[in-house]
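This report concerns only the one structure given below.
In the numbering used here, the protein residues as written are -5 to 378.
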């Protein structure tokens, strides 16, 4: 496909998203009905769509409207693209720019965020708010985690280089590698297939590294999802590992991932939790706004409503109370989110400690994109 045809495809996909289709579903549906498109075409179109979603407000202001075409006009103006070449009407590309479609870069005003979330983020980020908001408009780095049960970072760097994947150490964690070249080859690499490395953001790895993990522990990932945090913990110690999720189908990939990583992990149903408890450490990466990972899921910030946010706050408090009942005496409870919102993070921990005097705060840490990773929060709590 020519660049202009890729832009036209992105316009059509953006129109579907604006009509309510989730971004991943719209991209997948387009790819299925467009078998002529190669992998490079699909990747380029995906980049266009996600670049727009990261800065949707700005693109709409520059392009003059909230349509797929106006958004792409806005994005390409911001990127200083050649409009005459792309908007020529030739080669399945978009029609030429009309007199009422001239982009206006001076029109940009405000932030590429829902207005209601801005006070929440300001409360957490303070003077860093503007810098973090600017980072959220950029593509997130590709980060790998080295499985310490099978390799170390130096060995992984060398093996990946042999397979055409260039990496460098990430300062946030001793297991983290930033991919600088060859990211699209990771899933087919021997290092990935044999469980030496996994895709995982550096902030999540840093959170796991900060935990008081010891050999022989019984560890529960209470909101396990795909099991990334559980695998990261199991990569550091030899112990007994358990995964639970309120929606069991989210855990369907854990057995295969655990086998590839060379660890054993048992999934536990809600009915079996009490009989399996207590645990030395319970990790709760609770459902949240996802504001820390909006570079990776920019569609999420436009779909989240203020009512959704308030419902999440209620759910987070409930999960924290439930999970605390599963911790052994002198055990550890970890409350984590991929959020940068005070109400979801420190405020939740403070409310829990006020209501539960048997618990105390050991440490809490907030990561942001300014550290070249996703936004993430983790509080380590100790039961007396």
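Every residue gets a Cβ at the ideal spot worked out from N, C-alpha and C, and that includes glycine. In this text, all values refer to a predicted model and were calculated from it rather than measured experimentally.
Check	Outcome
Could you tell me the alpha carbon to alpha carbon distance between residue 252 and residue 274, rounded to whole angstroms?	20 Å
Using a threshold of 8 Å, state whether the C-beta atoms of residue 60 and residue 12 are closer than that.	yes
Tell me, which residues are paired with residue 234 by DSSP?	212
Whose C-beta lies closer than 6 Å to the C-beta of residue 336 among residues of the same chain, with five residues either side of it excluded?	117, 118
What's the C-alpha gap between residue 178 and residue 219?	24 Å
Using the C-alpha atoms, what's the distance from residue 329 back to residue 313?	9 Å
Is residue 331 near residue 282, with beta carbons less than 8 Å apart?	yes
How do the stretch 295 to 302 and the stretch 102 to 117 stand: do at least 3 beta-carbon pairs fall below 8 Å, yes or no?	yes
Report yes or no: do three or more beta-carbon pairs, one from the stretch 81 to 95 and one from the stretch -5 to 2, lie closer than 8 Å?	yes
Using only CA atoms, which one of 355, 291, 232, 67 lies nearest to residue 255?	232
Assign residue 97 to one of two classes, buried (16 or more other C-beta atoms within 10 Å of its C-beta) or exposed (fewer than that).	buried
Ordered along the chain, which non-local residues of its own chain (more than five positions away) have a Cβ less than 7 Å from that of residue 35?	-5, 0
Please name the residue, chosen from 259, 155, 362, that lies closest to residue 176 on a Cα-to-Cα basis.	155
In or out: residue 315 buried (at least 16 other Cβ within 10 Å) or exposed?	exposed
Could you check how far apart the C-beta atoms of residue 327 and residue 267 are, in whole angstroms? I think they sit under 8 Å.	Their Cβ separation, rounded to whole angstroms, is 14 Å, which puts residue 327 and residue 267 out of contact at 8 Å.
Return the chain-ordered list of same chain residues with a C-beta closer than 6 Å to the C-beta of residue 20, the five sequence neighbours on each side being excluded.	7, 10, 11
Given residue 54, which residues of its chain have a CB within under 8 Å of its CB, disregarding the five upstream and five downstream residues?	60, 64, 65, 68
What would DSSP say about residue 325, mapped onto helix, strand or coil?	strand
Between 356, 139, 228, which has its C-alpha nearest residue 186's C-alpha?	139
Can you round the beta-carbon distance between residue 317 and residue 276 to whole angstroms, since I take them to be within the 8 Å contact cut?	5 Å
With DSSP as the reference, identify every bridge partner of residue 396, one or two as the case may be.	Any property of residue 396 remains undetermined from this structure, which presents the chain solely from -5 to 378.
Which ranges does the beta strand (DSSP E) cover as unbroken runs of at least 3 residues, wholly within the stretch 23 to 90, from first to last along the chain?	none
Could you confirm whether any beta carbon from chain D is found closer than 8 Å to the beta carbon of residue 169?	This model lacks chain D altogether; it includes just one protein chain.
Pick from 272, 93, 128, 249: whose alpha carbon is nearest that of residue 50?	128
Rounded to a whole number of angstroms, what is the C-alpha to C-alpha distance between residue 45 and residue 132?	8 Å
Nearest-angstrom Cα distance between residue 17 and residue 286?	18 Å
Do residue 196 and residue 170 have their beta-carbon atoms positioned less than 8 Å apart in this structure?	yes
Under the DSSP definition of a beta bridge, which residues are partnered with residue 285?	Paired residue(s): none; residue 285 is not in a bridge.
Within a Cβ cutoff of 6 Å, which residues of the same chain sit near residue 194, ignoring the five residues on either side of it in sequence?	139, 222
Can you tell me whether DSSP reads residue 131 as helix, strand or coil?	coil
Determine the extent of the alpha helix (DSSP H) in which residue 315 is found, giving its start and end residues.	300 to 318
Judging by CA-CA distance, which residue of 190, 137, 191 is the nearest neighbour of residue 165?	137
Which residue wins for smallest C-alpha separation from residue 103, given the options 206, 58, 149, 238?	58
Return helix, strand or coil for residue 243, following the three-state DSSP convention.	helix
Alpha carbon to alpha carbon, how far is residue 31 from residue 22?	12 Å
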